[in-house]
Amino acid sequence: MMELISEGAEARIYATSLLGKDAVVKRRLPKRYRVRQLDYALRSQRTKTEARALALASLAGVKAPVLLLVDDFDIYMSRVRGTNLNRMLVHGVSEGKLKKILRDIGAYAGLMHAADMAHGDYTPANIMVSGSTAYVIDFGLAVMTSAVEEKALDLLLMKRSLPGRAFSSFMKGYRKAYSESKKTESRLNSIERRGRYQTRTLTIG
Amino acid sequence: MPVLGIESSAHTLGIGIVDNGRILANEKRMYRIGNKGILPMRAAALHTKNLHSALKRALDKAGLGIRDIEAIGYTKGPGLGPCLEVGMLAARSIALRYGMQIFHVNHAVAHIEITSHMCRACDPLVLYVSGGNSQILAIADEPYKHYHVYGETFDIGVGNMLDSFARDAGFKRAWGSEVASAAVGGSYISMPYTVKGMDFAFAGLMTNAVKMLKSHALKDVAYSLQETAFSMLCEATERALLLTGKRELIVCGGVAQSARLQEMLGLVSAGHRARFGVAPNEFNSDNGAMVALVAEKLLRAGARHRLEDCSVNQKYRVDKVALEWK
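Those sequence lines, one after another, are chains A and B.
When you read off a place in the first sequence, starting at 1, and then add 1, the result is the number in my numbering.
When you read off a place in the second sequence, starting at 1, and then add 394, the result is the number in my numbering.
Written as structure tokens, this is what we have:
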């Protein structure tokens with residue numbers, strides 16, 4: 002039996018080892034509520050897209066788990082041991098260390114966007130901090146796209162989950178890493194002005 | 395003393411009477427949609443015409459006279475302007491004539507409350523699915539007690555999508571339930587699937603399904619459309635269930651009448667050991683009892699709504715409503 006580390010709506014993550022190395026496997030489980038063909042298609046497409054995004058992010062210079070093996074619905078990757086940034090924000094962290102982490106994850110967003118991909122769920126809950134190094138995890142909602150909208154949504158999610166000053170440190174790192182940062186920033190502003198979702202500001206998870 | 399509720403936000407005029415949470419009457423008069431959708435002015439005219447008889451019948455069923463009613467509630471929105479105005483004017487007139495307290499009620503809140511009431515749910519995750527709305531909600535405390543929207547449609551409601559498809563497919567009665575009947579025995583064809591976190595979109599799916607009618611059998615298209623749309627709702631709901639950690643899941647609104655959607659959501663909640671609840675269909679489609687129920691809660695909680703605030707609001711957001719009785 003593998004040890005269950007975490008359970009999401011789509012997948013379970015188990016601790017395992019591969020070739021003697023510490024690893025995790027993300028396994029997309031079947032959903033009984035949906036018809037078999039749809040269930041199979043969603044799980045296999047998403048597994049492939051996620052593996053591709055993970056590899057692309059690493060190539061672009063983002064610190065992320067190392068992709069080891071991909072099966073139909075399974076992704077094996079190296080295990081990042083550390084603390085989730087969300088937890089660090091709640092429990093407190095030294096200002097100097099936090100600033101560096103925020104700049105780094107801002108830069109990671111810039112690197113991903115420069116490589117024409119968006120993470121899709123870029124929140125502190127998906128940042129693992131090991132020592133003073135930040136790692137991006139969970140590329141399950143990532144999209145390979147040049148669309149400014151998708152990139153701006155990465156910024157929006159992070160902005161909503163961070164205190165105001167923290168987000169400006171984040172943006173410093175972002176601007177340095179991405180030459181077209183102005184475009185995503187101005188789209189971020191226009192998304193925030195869209196009326197329908199203005200009331201949806203409750204910070205969660 | 396009993397409380398009366400008037401619902402007239404769309405195709406249904408509903409008059410409900412509630413006493414201490416017990417439903418004494420739940421009268422309905424429905425506008426026939428046919429293949430043309432709702433024509434708001436015509437629906438409003440029909441509601442006006444039916445108002446007196448529906449009110450009288452509701453009172454007769456409850457064995458009451460109008461003077462036995464303590465307070466009155468009506469649907470302020472969201473909904474179709476001309477239709478909402480009929481209920482609002484009727485409620486104001488009755489309240490003034492008989493010196494009753496009047497309460498304005500949000501349509502979505504009323505759907506959620508009656509289902510919570512019937513399923514004895516205390517703090518559920520809610521999937522609210524109707525013609526104009528598709529939202530995932532749960533109670534939040536800040537800045538005031540309200541239903542926070544965790545996820546919702548980016549474009550049209552799931553009911554509206556099924557109705558529009560039914561119209562384009564040439565159904566004589568363009569209803570979601572007719573799509574369900576047409577789907578029997580169909581097999582699955584791949585369709586666009588759009589879920590983003592806990593939000594979803596239906597307009598692209600509908601356009602695609604209508605195009606597919608040219609090259610595929612109706613039963614296959616209807617089946618695949620329904621399966622895809624409901625699967626999207628289930629995925630977003632499951633994500634919200636994990637995020638919020640709620641132990642109860644309820645579904646309400648017109649589309650909650652779908653047996654297939656109920657079955658799927660039952661499986662979603664069973665997977666996370668949450669209790670699943672749905673009200674009898676009479677209370678999933680629009681009705682007056684749900685409005686009366688919320689008005690009674692407001693009355694018992696000591697809330698007061700001023701007559702000049704008793705207007706209509708076609709785009710009345712559910713998350714703007716303070717739950718004064720909670």
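Ideal Cβ positions, reconstructed from N, Cα and C, are used throughout, including at glycine.
Taking a 10 Å sphere around the C-beta of Ser581/B, we find fewer than 16 other C-beta atoms and assign the residue as exposed. The C-beta distance from Gly579/B to Lys539/B rounds to 47 Å, too long to meet the 8 Å contact threshold. Here Gly564/B is not near Gly553/B, since their CB atoms are 8 Å or more apart. Selection Asp713/B, Ser584/B, Asp413/B evaluated against Leu531/B yields Asp713/B as nearest (Cα-Cα). Excluding sequence positions up to five before and after Val81/A, its CB lies within less than 7 Å of the CB of Pro66, Met129, Ser131, Tyr136, Ile138, all in the same chain and listed in chain order. With contacts defined as CB atoms closer than 8 Å, Asp75/A and Val25/A fail to qualify as a contacting pair. Rounded to the nearest angstrom, the Cβ distance from Pro396/B to Ile466/B is 10 Å, too far for a contact under 8 Å. Inter-residue distance for Asp122/A and Lys152/A is about 11 Å (C-alpha atoms, whole angstroms). Annotated as distal: Gly97/A and Gly174/A, with beta-carbon spacing of 8 Å or more. Taken through DSSP and simplified to helix, strand or coil, Gln656/B comes out as helix. For Met592/B, no alpha helix (DSSP H) run applies, since DSSP gives it neither H nor E. With a cut-off of 8 Å on Cβ pairs, the region 79 to 95 of chain A is not in contact with the region 44 to 60 of chain A, counting fewer than three such pairs. Cβ proximity to chain B below 9 Å picks out Lys32, Arg33, Tyr34, Arg35, Val36, Arg37, Gln38, Leu39, Asp40 from the region 15 to 41 of chain A. Within chain B, the residues Arg633, Leu636 have their CB atoms less than 9 Å from the CB of Gly9/A, given in chain order.
Any Cβ of chain A closer than 8 Å to the Cβ of Gly647/B would place that residue at the interface, and such an atom is absent.
When DSSP states are grouped into helix, strand and coil, Phe624/B belongs to the helix group. When C-alpha distances from Pro476/B are compared across Ser705/B, Thr547/B, Leu692/B, Gly551/B, the shortest belongs to Ser705/B.
Distances from the alpha-carbon of His666/B to those of Gly682/B, Leu458/B, Ser575/B, Glu629/B put Glu629/B closest. Distance from the CA atom of Arg700/B to the CA atom of Ile496/B, rounded to whole angstroms, is 8 Å.
Judged by beta-carbon spacing, His505/B lies beyond the 8 Å limit of Thr469/B, meaning their Cβ atoms are not closer than that value. The beta carbons of Asn675/B and Ala568/B sit about 19 Å from each other, so the pair does not count as a contact at 8 Å.
Among the bridge pairs identified by DSSP, Gly408/B is matched with Glu401/B, Lys422/B.
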